[in-house]
Amino acid sequence: MSTITILNGIPDNSFAEFESGMERAANAGDSDREINIIRLRDLDIRYCTGCWDCWVKTPGLCAQRDDMEIVYRTVMRSDLIVFLSPLTLGFVSALTKKTCDRMIPLVHPYIVVYRGEFHHKSRYEKYPKMGLMLIDPKRNEVDFQNTRDIFSRLSINLKTDLELALSLQGSEKEAYDAISSL
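Last residue of the sequence shown? That's 207 in our numbering, and every number before it is there in order.
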């Protein structure tokens with residue numbers, strides 16, 4: 026059975042129908058996969074302060090004892106993580122960005138050559154594949170491509186691949202279809 030975790034970075038109820046379709050699809054009962062949806066707006070996730078305790082004082086653990094602990098555990102038990110966010114001012118929501126920034130404890134501070142570039146050393150043997158779903162009713166291709174490129178780079182930093190990048194308009198049917206296709 027594969028485990029898929031969707032990190033829902035929609036900051037408010039502006040896409041309630043989309044979220045409803047996503048929940049319906051996740052609960053449709055496919056026995057080959059487990060879909061976890063973490064609604065980030067319901068969690069206490071603080072901004073990274075750049076203290077580097079996660080590398081020095083408490084390796085792999087953020088000094089901020091907030092709900093990111095839930096996110097870390099769920100992410101590392103997954104086969105695929107999908108960042109879901111509305112496209113806001115040409116990028117993901119602040120909630121999604123804050124969550125991405127807080128992923129730094131998942132790697133070591135030490136530098137190694139990875140795919141011909143310098144990157145942080147892996148902390149874990151296996152990392153989940155990564156996906157990106159952007160809700161953009163206007164479907165701005167440049168903003169989508171720029172955000173996709175940044176998440177492709179993030180996937181390299183997290184020692185994985187960006188397996189999926191979708192631009193969605195935000196309908197309930199689109200959500201159901203996108204989640205069902207995972």
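Each residue gets a CB set at the ideal place from its N, CA and C atoms; glycine is no exception.
Query: Contact check, Leu193 vs Glu199, beta carbons under 9 Å; Result: yes
Query: Exposed unless 16 or more other CB atoms sit within 10 angstroms - verdict on Ile136; Result: exposed
Query: Euclidean distance between Cα positions of Ser72 and Leu86; Result: At residue 72 the sequence reads Tyr, which differs from the Ser that was named. Those two C-alpha atoms are separated by around 15 Å.
Query: Where the beta strand (DSSP E) through Phe40 begins and ends; Result: Phe40 -> no beta strand (DSSP E), and no H or E assigned at all.
Query: Contact under 9 Å by Cβ, Ile204 with Leu105; Result: no
Query: Residue burial classification, Gly115 (beta-carbon count within 10 angstroms, cutoff 16); Result: exposed
Query: Length at least 4, wholly inside the segment 74-139: the alpha helix (DSSP H) runs in chain order; Result: 93-101 and 119-126
Query: Rounded straight-line distance, which links the Cα of Leu109 to that of Met158; Result: 5 Å
Query: Enclosing alpha helix (DSSP H) for Ser180 [first to last residue]; Result: Glu166 to Asn182
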